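For the sequence shown, position 307 matches number 307 in the UniProt record's numbering, and the numbering has no gaps at all.
The C-beta atom is built at its ideal place from N, Cα and C for all residues, glycine as well.
Only a predicted model underlies this, so the values are computations on that prediction, with no experimental measurement involved.
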Amino acid sequence: MIFLKRIEAIGFKSFAEEIKLDFDFSMTGIVGPNGSGKSNINDAIMWALGEQSYKTLRGDSMEDIVFSGSSERKALNLAEVTLVFDNSNRSFSSLEFNEVAITRKYFKNTKESEYYINNSRVRLKDIQDVALETGLTKSSLAIISQGSISNFVESKPEERRKLFDEAAGVARYKKRKDEAIRKLSRTQDNLDRINDIINEIERKLPSLEKQSKKAQEYQKAFDELKSIEVSVLLNDIKIYTSKLNDLENQKADLKNEMNSLQKIITKNNLEYSQLVSTSNVNDKDLSKLNKDFTKAVEKISELKVAKITLESKKDKTNIDDSEYKISELKNQAKYLEIEIESEENHLTSLINSKHNKKLQIDNLSSERYKLNNELEALNKNINKIEIQLENLQAKKSSLDNLFDGVKNILENKNILPGIEGTVSDFIKVNKDHEHAISTALQNNLQNIIVKNTSNVKNAIEFLKNNKGGYATFLPLDTLKANYINDQTKFIIKNTDGFIGFGNEIVSIEKKYKIVLDYLLSNYLIVDNFDNAVNLSKVTNAKFHIITLDGQRILPYGAIVGGSKKNKNTNLFDSGSIEKFETAKQELLSKQESIEATILKISESIEIQREHHNEIQASIATSKKNSENLEKNLNTIKDEFRILTGNELNSESIEYKSIDEQIIKVMEQITAANNFKLQIEQEINVIRSLKDQSSQKQNDLFKALEVDRNMLSVLKEKFSSLNGDSNLLREKQSNAKDRLAQDYNMTYENALKLQEVEIENEKEVREKIKELRSQINSLGSINVDSIEEYKEENGRYELYLSQSNEIIESIKNLKNAIVDMDQQMIDQFKKIISDVNRVLPETFATLFGGGTASIIYTDPDDILNTGIDLKLAPPGKKISNLNLLSGGEKSMVALSVLFSILKVRPIPLVILDEVEAPLDIANVERFAKYIKTFISNTQFIIVTHRIGTMENCDKLFGATMEQKGITKIVQIKLVDAKKITSSN
Ligand code: ATP
Numbered sequence: 001m002i003f004l005k006r007i008e009a010i011g012f013k014s015f016a017e018e019i020k021l022d023f024d025f026s027m028t029g030i031v032g033p034n035g036s037g038k039s040n041i042n043d044a045i046m047w048a049l050g051e052q053s054y055k056t057l058r059g060d061s062m063e064d065i066v067f068s069g070s071s072e073r074k075a076l077n078l079a080e081v082t083l084v085f086d087n088s089n090r091s092f093s094s095l096e097f098n099e100v101a102i103t104r105k106y107f108k109n110t111k112e113s114e115y116y117i118n119n120s121r122v123r124l125k126d127i128q129d130v131a132l133e134t135g136l137t138k139s140s141l142a143i144i145s146q147g148s149i150s151n152f153v154e155s156k157p158e159e160r161r162k163l164f165d166e167a168a169g170v171a172r173y174k175k176r177k178d179e180a181i182r183k184l185s186r187t188q189d190n191l192d193r194i195n196d197i198i199n200e201i202e203r204k205l206p207s208l209e210k211q212s213k214k215a216q217e218y219q220k221a222f223d224e225l226k227s228i229e230v231s232v233l234l235n236d237i238k239i240y241t242s243k244l245n246d247l248e249n250q251k252a253d254l255k256n257e258m259n260s261l262q263k264i265i266t267k268n269n270l271e272y273s274q275l276v277s278t279s280n281v282n283d284k285d286l287s288k289l290n291k292d293f294t295k296a297v298e299k300i301s302e303l304k305v306a307k308i309t310l311e312s313k314k315d316k317t318n319i320d321d322s323e324y325k326i327s328e329l330k331n332q333a334k335y336l337e338i339e340i341e342s343e344e345n346h347l348t349s350l351i352n353s354k355h356n357k358k359l360q361i362d363n364l365s366s367e368r369y370k371l372n373n374e375l376e377a378l379n380k381n382i383n384k385i386e387i388q389l390e391n392l393q394a395k396k397s398s399l400d401n402l403f404d405g406v407k408n409i410l411e412n413k414n415i416l417p418g419i420e421g422t423v424s425d426f427i428k429v430n431k432d433h434e435h436a437i438s439t440a441l442q443n444n445l446q447n448i449i450v451k452n453t454s455n456v457k458n459a460i461e462f463l464k465n466n467k468g469g470y471a472t473f474l475p476l477d478t479l480k481a482n483y484i485n486d487q488t489k490f491i492i493k494n495t496d497g498f499i500g501f502g503n504e505i506v507s508i509e510k511k512y513k514i515v516l517d518y519l520l521s522n523y524l525i526v527d528n529f530d531n532a533v534n535l536s537k538v539t540n541a542k543f544h545i546i547t548l549d550g551q552r553i554l555p556y557g558a559i560v561g562g563s564k565k566n567k568n569t570n571l572f573d574s575g576s577i578e579k580f581e582t583a584k585q586e587l588l589s590k591q592e593s594i595e596a597t598i599l600k601i602s603e604s605i606e607i608q609r610e611h612h613n614e615i616q617a618s619i620a621t622s623k624k625n626s627e628n629l630e631k632n633l634n635t636i637k638d639e640f641r642i643l644t645g646n647e648l649n650s651e652s653i654e655y656k657s658i659d660e661q662i663i664k665v666m667e668q669i670t671a672a673n674n675f676k677l678q679i680e681q682e683i684n685v686i687r688s689l690k691d692q693s694s695q696k697q698n699d700l701f702k703a704l705e706v707d708r709n710m711l712s713v714l715k716e717k718f719s720s721l722n723g724d725s726n727l728l729r730e731k732q733s734n735a736k737d738r739l740a741q742d743y744n745m746t747y748e749n750a751l752k753l754q755e756v757e758i759e760n761e762k763e764v765r766e767k768i769k770e771l772r773s774q775i776n777s778l779g780s781i782n783v784d785s786i787e788e789y790k791e792e793n794g795r796y797e798l799y800l801s802q803s804n805e806i807i808e809s810i811k812n813l814k815n816a817i818v819d820m821d822q823q824m825i826d827q828f829k830k831i832i833s834d835v836n837r838v839l840p841e842t843f844a845t846l847f848g849g850g851t852a853s854i855i856y857t858d859p860d861d862i863l864n865t866g867i868d869l870k871l872a873p874p875g876k877k878i879s880n881l882n883l884l885s886g887g888e889k890s891m892v893a894l895s896v897l898f899s900i901l902k903v904r905p906i907p908l909v910i911l912d913e914v915e916a917p918l919d920i921a922n923v924e925r926f927a928k929y930i931k932t933f934i935s936n937t938q939f940i941i942v943t944h945r946i947g948t949m950e951n952c953d954k955l956f957g958a959t960m961e962q963k964g965i966t967k968i969v970q971i972k973l974v975d976a977k978k979i980t981s982s983n
C-alpha cells in the first residue's frame with residue numbers, strides 16, 4: 001500500500017535546499033549519520049499536518065523550524081512542506097480528489113502559517129480534521145519514535161490508554177466531547193447571565209407594571225379629558241369670539257354715535273361761548289350807547305332851553321304882531337329848510353350805509369361759501385384718511401400678511417417667553433428709502449426678534465409640536481454682525497451716488513441695533529443703477545448694492561432688476577399708521593378752525609343783516625320825516641303868501657342876529673337829534689341782536705344739556721360694553737392659554753381635531769371635574785413607564801424564551817455528551833477486546849512464545865480507566881514491568897502496536913529508530929513482521945539497523961555534503977550499510 005506518495009520540503013529545518021522524496025514502495029527506509037536530518041522528515045510530515053507544538057517539533061519556538069543558516073548559507077525566511085497523498089480509495093473521505101497535496105508555509109517575519117489543500121488556501125482546522133480522519137497525528141500510531149516505544153511500558157496506565165483511544169477513534173469523540181463541554185460551560189455561563197438579567201427584570205417589572213398601569217389610566221383619563229375639554233374650550237372660544245364680534249360691532253356703532261354727538265356738543269359749545277362773549281361785548285356797547293344817548297338827550301334839552309331863551313329875547317324886541325307873524329313864518333320856513341336839508345343828508349347817509357351793509361353781507365356770505373367748500377373738501381379728506389387708517393389697523397391686527405410660523409409665534413406670544421416681535425414692527429424707514437430697504441430685507445422683515453437662544457429653542461419646539469410652520473429667529477444674545485472695516489467704509493462713502501449703509505439709514509430702538517447690523521450692515525444704498533455698477537466695481541463686488549428704485553447688485557456681481565410689485569411696502573405700516581394719524585389730526589384741527597371761522601362769519605352776517613334792516617327802517621322814517629317837513633314848509637309858504645302876497649323864497653328871508661343865533665341852535669338841535677337817532681338805531685340793533693342771542697343761548701344751553709346727558713349715558717354704555725368685551729377677551733385668552741399650557745395646542749391646531757359634540761354642558765363640565773379629580777388622585781405619573789414597561793416586558797419575554805432555548809440546548813448538549821461517552825465506551829471496549837484477541841499471537845511471534853493481554857485498571861469507569869499490561873514472556877514470570885530489559889520493553893510495545901495495526905489498520909506508519917534497542921535476531925523478526933502489514937499500511941522507517949534496511953524496498957540516504965544542509969538521495973543497500981558501519 002502506498003499512501004504518502006511524495007514529500008517536498010524547502011526551508012524547513014536543515015532542508016535549506018529543496019528535498020523531494022518519492023515513495024513508490026510500501027516499505028521505505030531512511031538512513032544516514034546522526035544529525036543528518038532524518039528525523040527532520042518526520043517533523044516535516046507532522047508539521048505539514050498542522051502540528052502546533054514547537055516542543056513536539058523539537059524546537060524552542062515555531063521560528064526554529066525555519067532554516068536558521070549555516071556557515072555557508074544565510075538563514076531563510078520561509079519554510080514550506082508539501083505532502084502528496086494517494087486518495088484513490090478515499091482515505092480522506094471528505095476530499096473528492098484521487099491525489100491530495102497538503103501544503104504548509106510559515107513566514108518567519110510575520111510568524112504566520114498558511115495552509116493549502118491542492119493549492120487552495122484552507123484553515124488550520126481543515127488540515128487538522130483531515131489529519132484526524134486518517135490518524136496521522138502526533139499521538140497516533142502513525143509516527144512512532146524510539147522514545148515513545150520505550151516509554152509505552154514505563155508510562156502510567158492512564159497515559160498508556162491514549163494509544164488505544166487513538167486506535168479506537170475515541171480521540172475524535174474526545175475532541176468533540178471537549179468542544180461540547182466547553183460549549184456547555186459557555187452555554188451555562190450564558191444561561192447564568194441571562195438568568196441574572198431575568199432576575200433583574202423580574203425585580204423591576206412589577207413596579208414598572210404598576211407605574212405603567214397607572215400611567216395608562218392617567219393617559220386614558222387625560223385623553224378623554226383632553227378631547228372633552230378641548231371641545232369645551234373650543235366651544236367657549238367660539239362663543240366668546242362671536243359675542244366679542246357682536247360687542248365690537250355695538251361698540252363701533254356706539255363710538256360713531258358718541259363721536260357725532262361729541263362733534264355736535266363741541267360745535268354747540270363753541271357757538272354758545274361765542275354767543276356769550278358777543279353778548280358781553282354787546283352789553284358793553286349798549287351801556288356806552290345808553291350813556292351817549294343820555295348825553296345827546298341832555299344836549300338836546302340844553303339846546304332847546306337855549307333856543308327858548310333866545311326866542312323869549314326876540315319876543316321882547318318884536319312888538320308888531322303882523323311883522324312878528326311874518327318874521328316868525330320866515331324863521332319857521334328857515335328852520336324847516338334846515339331840517340329838510342339835514343333830513344336829506346341823513347337819508348343819503350342811511351342809503352350809503354345800507355349799501356355798505358349789503359356789500360359787507362355779500363362779502364361775508366361769499367367768504368362763508370368759500371370756507372364751506374373748503375370744509376367739505378377737508379371732510380372728504382378726513383374720511384379718506386380714516387378709511388385708510390382703519391384698513392391699515394385691521395391689516396396690522398389681523399396678521400394676515402405673515403407666514404404661518406411667524407403668525408403662530410406672535411399669536412402665542414403670551415405663553416412663549418422672550419418673543420419681542422417681527423423686524424418690521426420695530427424699524428422706521430424714511431419714505432425715500434422704503435423701496436430700497438424693503439428690497440434689501442424682503443422676507444427678513446418677518447424675522448422674529450427674540451431675547452435669547454433658549455427662547456428660540458422653546459419657540460421652535462412649540463412650532464414643531466403644533467406643526468405650526470417655520471420662522472426665522474434672531475436671538476439678541478448670540479447675533480453677530482459682519483461689519484465693513486473703516487477703510488472700506490471711507491472709500492464707499494466717497495463714491496458717487498452713495499446714500500448710506502443699510503444699517504445706518506434705518507432707525508430702530510437701541511437695544512435692537514444688533515438686528516439691523518446683522519441684517520443690513522453689508523447693504524449699500526445708492527441713488528441710481530450706474531452708480532450702483534460703479535460702486536460694485538470699487539468694492540470688488542463684495543457687498544449688496546441697492547438703488548432707491550429697488551435694483552440690486554449681489555455680491556460677486558449678479559444683478560437683479562426690473563419692476564416688481566412691492567409686496568412689502570405695507571410692512572412698514574407702523575410708520576404709515578403714525579403718518580396717517582398726524583395727517584388726520586392736522587386736518588381735524590384745520591376743520592375745527594374753519595368751523596369756528598364760519599360760525600363767526602355767520603354771526604357777523606347776522607349782525608350786519610340786523611343793521612341793514614334797522615337802516616332800512618330808518619330810511620323809511622327819514623323819508624316820512626322829509627315828507628312831513630316838506631308839507632309843513634309848504635303850509636308856511638302858503639300862510640306867508642296869504643299874509644304878504646309874496647312868495648316866500650329862501651333869499652327873501654332876512655335874519656336878525658338873534659334869528660341867526662336861534663337857527664344855529666336849531667341846527668345844533670337837528671344835528672343832536674340825528675346823532676341821538678343814530679344811537680337809538682344802534683341800540684335797537686344791539687337789543688334785537690341781544691334778544692335773538694339770548695333766545696339762541698337758551699336753545700343751545702338746553703340742547704347742550706340734553707346732548708351732554710345723552711353722551712354720558714352713551715359713555716357709560718360704552719364703558720360697560722368695553723368691560724364686557726375685556727372680560728370676554730380675557731376669557732378667550734384664558735381658554736387659549738389653557739389649550740396651549742394644558743394641551744400644548746394652538747387654537748388653529750385644536751380646530752383641526754375631531755370635536756366632541758356637547759349635548760349637555762352641565763354634564764360635560766361635571767365630567768371634566770370628575771376626570772380632573774381622577775387624574776389628581778393618581779398622584780405623580782411617569783408617562784414614559786408605559787413604553788418602559790412594554791420594552792422591559794418584551795425584553796423579559798425575549799430573555800425568558802432565550803433562557804428556555806438555552807436550557808433546551810444544555811439538555812441536548814448533555815445528551816450528546818452522554819451519547820458520546822457511550823460511543824467512546826463502546827469503541828474503547830471494542831478495541832481492547834479486539835487487541836486482546838490478537839495480542840497473544842503477536843506477542844508470541846515477536847517473543848518466540850509466551851503470552852500477553854491488556855486489562856482495565858478500573859473496569860467500572862471505562863471512560864477514564866488506565867490500561868495495564870499482563871505479560872508472560874516465554875519461561876518468565878513478570879510481577880513488575882520495570883524488571884523487563886530495554887529490548888523487552890520495546891518488544892512489548894511493538895507487540896501491542898502491531899496488534900493494534902492488525903485490528904485497526906492505518907494507511908501510513910512512520911517508525912523512527914523504534915528497533916534500535918533490539919538485538920540482531922529480534923531486528924530481523926521485527927522487520928519481517930512489518931512485511932505482513934504492507935498490503936494495508938505504508939511504512940517509512942528511519943533506521944540504523946542493517947536487518948531493517950535489508951527488508952526495505954527502497955532506501956533514502958540523508959547526508960550533509962554541505963555543512964548543516966541535508967541532502968537526501970536514493971541509495972543502494974550496500975551504500976546504506978556503509979553509512980551505518982561508518983557511523
Ligand atoms: P540521529 O540519527 O542522531 O537521530 P538525525 O539524522 O535524525 O540524527 P535530525 O534530528 O533529523 O538528525 O537532524 C538534526 C539536524 O538538523 C541537526 O544537525 C540540526 O542542526 C539541524 N537542524 C535542526 N533545525 C535546524 C534549523 N532550523 N536550521 C538548520 N539546521 C537545523
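Using the Cα positions of residue i and residue j, report the straight-line distance between them to the nearest angstrom.
{"i": "Gln962", "j": "Lys978", "result": "19 Å"}
{"i": "Ser342", "j": "Ile265", "result": "51 Å"}
{"i": "Phe933", "j": "Ala893", "result": "17 Å"}
{"i": "Asn24", "j": "Ile2", "result": "Here residue 24 is Asp; the residue named in the question, Asn, does not match the sequence. Their Cα atoms are separated by approximately 7 Å."}
{"i": "Phe739", "j": "Ser227", "result": "At residue 739 the sequence reads Leu, which differs from the Phe that was named. Roughly 11 Å between the two C-alpha positions."}
{"i": "Ser622", "j": "Lys696", "result": "32 Å"}
{"i": "Gln732", "j": "Val764", "result": "19 Å"}
{"i": "Tyr54", "j": "Glu158", "result": "24 Å"}
{"i": "Leu359", "j": "Ser349", "result": "15 Å"}
{"i": "Lys299", "j": "Val305", "result": "10 Å"}
{"i": "Thr278", "j": "Lys291", "result": "20 Å"}
{"i": "Asn568", "j": "Thr547", "result": "Because the pLDDT of Asn568 is 46, which lies under 50, any placement of that residue in the model is unreliable, and the question is left without a value."}
{"i": "Val230", "j": "Glu755", "result": "8 Å"}
{"i": "Asp223", "j": "Lys769", "result": "14 Å"}
{"i": "Asn936", "j": "Asn89", "result": "12 Å"}
Between the beta-carbon of residue i and the beta-carbon of residue j, is there less than 7 Å?
{"i": "Val942", "j": "Ile30", "result": "yes"}
{"i": "Pro917", "j": "Gly887", "result": "yes"}
{"i": "Thr268", "j": "Leu711", "result": "First, the amino acid is wrong: residue 268 is Asn here, not Thr. No."}
{"i": "Asn331", "j": "Asp638", "result": "no"}
{"i": "Glu614", "j": "Asn684", "result": "yes"}
{"i": "Gly550", "j": "Gly468", "result": "no"}
{"i": "Ile102", "j": "Leu83", "result": "yes"}
Alpha helix (DSSP H) segments (min. 4 residues) lying fully within the segment 842-910
886-903
For the pair the segment 810-827 and the segment 163-175, tell me if three or more CB-CB distances fall below 8 Å.
yes
Using a strict less-than 5 Å threshold between each residue's beta carbon and the heavy atoms of the ligand ATP, what residues do you get?
Those satisfying the condition are, in chain order, Lys13, Ser14, Asn34, Gly35, Ser36, Gly37, Lys38, Ser39, Asn40, Phe67 and Ser68.
With three or more beta-carbon pairs closer than 8 Å as the criterion, would you say the segment 13-32 touches the segment 950-958?
yes
Count the C-beta pairs between the segment 852-859 and the segment 207-222 that are closer than 8 Å, then say yes if the count reaches three, no if not.
no
Can you list, in chain order, the stretches of the beta strand (DSSP E) that have 3 or more residues and sit fully within the segment 529-610?
As far as the segment 529-610 is concerned, its whole beta strand (DSSP E) runs of at least 3 residues are 544-547.
Any chance the segment 534-545 sits against the segment 449-461, with 3 or more Cβ pairs inside 8 Å?
no
Unbroken alpha helix (DSSP H) runs of length 4 or more, entirely within the UniProt domain "SMC hinge" (417-536): which are they?
423-426, 434-441, 453-465, 486-493, 502-505 and 513-520
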